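Here the structure comes first, spelled out in structure tokens, and everything after it is commentary.
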Amino acid sequence: MKISKIMHIASVVVGLVGVFVFIKIIGVPSDGMVFGITKLDALLCVVVLFLIAIWGQIGTIHHMMLEKNGEII
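Our numbering applies: residue -1 is where the sequence shown begins, and numbers increase by one.
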């Protein structure tokens, strides 16, 4: 399996985890706790998860282009 496929799968999983946590946060009252942390902290964690997923997709595109040129085995 090529490294670009592994990177793609990993970034999709991270993005889906972010979406799941975001949906869970939406259902909690404004003064409630989510997974043992405050709602604001959970929202900040979701933002970080989305940024990691985006960065992973950018890296995947870069590796796909390198693999296309034969620069990475």
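From the three backbone atoms N, C-alpha and C, an ideal C-beta is built for every residue, glycine too. Just so it is clear, the structure is predicted and the values come from calculations on it, not from any experiment.
The residues Ala51, in chain order, have a CB closer than 6 angstroms to that of Gly13 in the same chain once the five nearest residues on each side in sequence are set aside. Secondary structure of Met(-1) (DSSP, three-state): coil. Here the C-alpha atom of Met(-1) lies approximately 44 angstroms from the C-alpha atom of Pro27.
Linking Phe20 to Gln55 through their CA atoms gives a straight-line distance of about 20 angstroms. Under the three-state reduction of DSSP output, Ile35 falls in the strand class. Counting only the Cα atoms, Asp29 lies some 43 angstroms from His61. An exposed status is given to Leu49, since fewer than 16 other beta-carbon atoms sit within 10 Å of its beta-carbon.
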